[in-house]
Amino acid sequence: MSIKGKAYIVGIYEHPTRKADDKSLAQLHAESAKGALEDAGLTRADVDGYFCAGDAPGLGPLSMADYLGLKLRHMDSTDSGGSSYIIHVGHAAEAIAAGKCSVALITLAGRPRSEGQATGTAPRAAGGNAPDVQFENPYGPATANMYAMCAMRHMYQYGTTSEQLAWIKVAASHHAQHNPRAMLRNVVTVEDVVNSPIIADPLHRLDCCVISDGGGAIIVAGPEVAKSLKRPKVKIIGAAEAPKHQMAGHVDLTYSGAVWSGPAAFAEAGVKPADIKYASIYDSFTITVLMQIEDLGFCEKGRGGKFVADGNLISGTGKLPFNTDGGGLCNNHPANRGGLTKVVEAVRQLRGEAHPAVLVKNCDLAIAHGTGGSLGTRHGAATVIMERE
Amino acid sequence: MPSQERKIQAPQPNPETKAFWDAAAAGRLMIGKCTACGELHYYPRAICPHCLSDKTELQQASGNGTIYTYSVMRRALVPYAIAYVTLQEGVSMMTNIVDCDLDKIRIGQAVRLVFKPSESGQPVPMFTPV
Numbered sequence: 008m009s010i011k012g013k014a015y016i017v018g019i020y021e022h023p024t025r026k027a028d029d030k031s032l033a034q035l036h037a038e039s040a041k042g043a044l045e046d047a048g049l050t051r052a053d054v055d056g057y058f059c060a061g062d063a064p065g066l067g068p069l070s071m072a073d074y075l076g077l078k079l080r081h082m083d084s085t086d087s088g089g090s091s092y093i094i095h096v097g098h099a100a101e102a103i104a105a106g107k108c109s110v111a112l113i114t115l116a117g118r119p120r121s122e123g124q125a126t127g128t129a130p131r132a133a134g135g136n137a138p139d140v141q142f143e144n145p146y147g148p149a150t151a152n153m154y155a156m157c158a159m160r161h162m163y164q165y166g167t168t169s170e171q172l173a174w175i176k177v178a179a180s181h182h183a184q185h186n187p188r189a190m191l192r193n194v195v196t197v198e199d200v201v202n203s204p205i206i207a208d209p210l211h212r213l214d215c216c217v218i219s220d221g222g223g224a225i226i227v228a229g230p231e232v233a234k235s236l237k238r239p240k241v242k243i244i245g246a247a248e249a250p251k252h253q254m255a256g257h258v259d260l261t262y263s264g265a266v267w268s269g270p271a272a273f274a275e276a277g278v279k280p281a282d283i284k285y286a287s288i289y290d291s292f293t294i295t296v297l298m299q300i301e302d303l304g305f306c307e308k309g310r311g312g313k314f315v316a317d318g319n320l321i322s323g324t325g326k327l328p329f330n331t332d333g334g335g336l337c338n339n340h341p342a343n344r345g346g347l348t349k350v351v352e353a354v355r356q357l358r359g360e361a362h363p364a365v366l367v368k369n370c371d372l373a374i375a376h377g378t379g380g381s382l383g384t385r386h387g388a389a390t391v392i393m394e395r396e
Numbered sequence: 302m303p304s305q306e307r308k309i310q311a312p313q314p315n316p317e318t319k320a321f322w323d324a325a326a327a328g329r330l331m332i333g334k335c336t337a338c339g340e341l342h343y344y345p346r347a348i349c350p351h352c353l354s355d356k357t358e359l360q361q362a363s364g365n366g367t368i369y370t371y372s373v374m375r376r377a378l379v380p381y382a383i384a385y386v387t388l389q390e391g392v393s394m395m396t397n398i399v400d401c402d403l404d405k406i407r408i409g410q411a412v413r414l415v416f417k418p419s420e421s422g423q424p425v426p427m428f429t430p431v
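As given, the protein sequences belong to chains S and Z, one line each in that order. Mind the numbering: the first sequence is residues 8 to 396 in the working numbering, read in order. Mind the numbering: the second sequence is residues 302 to 431 in the working numbering, read in order.
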């Protein structure tokens, strides 16, 4: 069974907050849910499926169904870190296609900034039953140095440079200047990026995403519901997911799980990378974007550095406009999980609702792709391809 | 050396991994070997990640390897080098590169095994350039 054409994204919401020290976590989830329902023109009573991940409080769907007063017949709390919500879109389409629910609500929220988390640089906390912990934690794996090891190997193997990686941040900043809510709105240059302090070799401070509070929500519904709503129709035509890990010790950090989820999603959608008009690509770090672009097939493996250089990701001038809201690199990274906002900006582009300065002309086909967990150890890749109907 | 001043989080052995850490305390680095399929793996586990057999055992590694990749964490109280080292036996492991000038670490560099005490006193395997 294919999900192609079986479900639509009918509601989106990006929480405007970037620092929410006056709100609770459940409240941010609820405000996001409310926003997406209003955007769709639906009510709480319409929701019969709910999706959330590890950022949700308590027992996820149970705690949030309780808080929101939801009456559900389907729930899913798949957690693959920041890419979870892209997986949720695919799972929601599957559940709708199988008749398990008709209106699916996906929420995300978090307050890492208010809580003072040193997200990228603090070594992983001890404890837990994860089998890898005792073989890794003694060595100080944080977030930044895991992705940095991927960048270091990519540079060694393919000759990728810091300047090429910097172009990814430059492109994001060109987009963020038009987003009044973006945390970083100044346009930066390649020199600004490579002259910013090194966090973990070879990644500089400006190679890293922001730390922000916030949240968001997505509503997925079947064709009948989508048809009844007075909103531009965004159809889900392909979705796939895949974990990648250390392969029992045969570690290869030069590629991501997008080598599996990408082709599967493209095959289901019946389109090619060259057909894509707009791409939301998870940008926890610049290297994340570069590797995913290669692995999704937008360029040959190892040629990502050349592909992203010279403004090729900037809307209006580049061949592959990406993250036109400024992405995680400049706009926000709620809950340290950027997958949901990737889908939101892709839907804005397909609806023609992105900021006019970054709006992609005739945007009828878009992709949202994410990497959750850690690119340097274990991660979940998730791809969704969407079409304007 | 900076790497020796850093607090090293102590591993918490469990029934599955106690033999690995006991060997480490005796100065030996062990890798996983499956006698059913013959493949090596790391980190060592009771169930083979290649064939799911429970006929796994620990095999002592030579302690020689090369740096597959690394990164020096500069934004830390004491900068340190995290790395994946590919052992002579073929499997790669996360580790630290220690007792050296952090600015001179390179991918492909030959390294050899050393042990450093963690906060509990339990020695953990690390590597230093040859």
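For each residue, glycine too, the CB sits at the ideal point set by N, CA and C. On a predicted model such as this, the values are computed, not experimentally measured, just so you know.
Own chain, CB closer than 7 Å to residue i, minus 5 neighbours either side, in chain order
i: S:E21; result: G223, T348, V351
i: S:A316; result: Q171, W174
i: S:A37; result: Y74, L75
i: Z:G391; result: L341
Per DSSP, cross-strand counterpart(s) of residue i
i: Z:Q360; result: Z:I332
i: S:E394; result: S:K242, S:L372
i: Z:N397; result: Z:I383
i: Z:M427; result: Z:V415
i: S:E275; result: Per DSSP, none; premise fails for S:E275.
i: S:G380; result: S:H386
i: S:V140; result: None, per the DSSP bridge assignment.
i: Z:H342; result: Z:G333
i: S:H252; result: DSSP output for S:H252 lists no bridge partner at all.
i: Z:T367; result: Z:T387, Z:A411
i: Z:M374; result: S:A207, Z:Y381
i: S:S287; result: S:A375
i: S:I113; result: S:F58, S:I225
i: S:E21; result: S:G223
i: S:P341; result: S:S219
i: S:I16; result: S:V227, S:V241
i: S:A247; result: S:T390
i: S:F292; result: S:C215
Cβ shell of residue i (< 8 Å), same chain only, five flanking positions each side left out
i: S:A189; result: A183, D332, G333, C337, N338, N339
i: S:M159; result: D208, P209
Partners in chain A for residue i, counting only beta-carbon separations shorter than 7 Å
i: S:N152; result: Structure shown: chain A not included; protein chains present are S and Z.
Buried versus exposed call for residue i [16 or more other C-beta atoms within 10 Å across all chains shown]
i: S:D259; result: exposed
i: S:L320; result: buried
i: S:S399; result: No statement about residue 399 of chain S is possible, as the shown extent of chain S runs from 8 to 396 and does not include it.
i: Z:C352; result: exposed
i: Z:D404; result: exposed
i: S:R131; result: buried
i: Z:M302; result: The predicted model places Z:M302 with a pLDDT of 45, which falls under 50 and marks its position as unreliable, so this point remains unresolved.
i: S:G123; result: exposed
i: S:P187; result: exposed
i: Z:I348; result: exposed
i: Z:K308; result: exposed
i: S:R80; result: exposed
i: S:R344; result: buried
i: Z:N315; result: exposed
Contacts around residue i, its chain only, beta-carbon distance under 6 Å, and the 5 residues preceding and following it disregarded
i: Z:F321; result: M331, P345
i: S:K326; result: N319
i: S:S9; result: E275
i: S:E248; result: I94, S268, A389
As assigned by DSSP and simplified to three states, the class of residue i
i: Z:S421; result: coil
i: S:D83; result: strand
i: S:V367; result: coil
i: Z:E317; result: coil
i: S:L75; result: helix
i: S:I10; result: coil
i: S:P270; result: helix
i: Z:S304; result: Its pLDDT being 44, under 50, Z:S304 is placed unreliably by the model, and nothing is read from it.
i: S:E231; result: helix
i: S:C157; result: helix
i: S:C397; result: With chain S covering 8 to 396 only, the question about residue 397 of chain S has no answer from this structure.
i: S:P145; result: helix
i: S:G89; result: strand
i: S:F329; result: strand
i: S:V200; result: helix
Exercise for review: Determine contact between the segment 285–295 of chain S and the segment 319–338 of chain S, defined as no fewer than three beta-carbon pairs at a distance below 8 Å.
Suggested key: yes
Review point. Counting Cβ pairs, one atom from each stretch, are 3 or more of them under 8 Å apart for the segment 115–133 of chain S and the segment 14–29 of chain S?
Key: Using a Cβ-Cβ distance cut-off of 8 Å, the segment 115–133 of chain S and the segment 14–29 of chain S are in contact, since at least three pairs of beta carbons, one from each stretch, lie closer than that value.
Check your understanding: Does the pairing of the segment 297–309 of chain S with the segment 362–372 of chain S give three or more beta-carbon distances under 8 Å?
Key -> The segment 297–309 of chain S, when compared against the segment 362–372 of chain S, does not touch it at the 8 Å Cβ threshold.
Practice item. Say whether the segment 327–342 of chain Z touches the segment 352–366 of chain Z, bearing in mind that this needs 3 or more beta-carbon pairs closer than 8 Å, one atom from each stretch. Key: yes
Exercise for review: State whether the segment 193–209 of chain S contacts the segment 237–251 of chain S, with contact taken as three or more CB pairs (one from each stretch) at a distance under 8 Å.
Suggested key: These segments do not touch.
Practice item. Would you check if there are 3 or more beta carbon pairs closer than 8 Å linking the segment 407–415 of chain Z to the segment 366–374 of chain Z? Key: The answer is yes - the segment 366–374 of chain Z touches the segment 407–415 of chain Z, with three or more Cβ pairs under 8 Å.
Check your understanding: With contact counted as at least three CB pairs below 8 Å, one residue from each stretch, are the segment 84–104 of chain S and the segment 374–385 of chain S in contact?
Key -> yes
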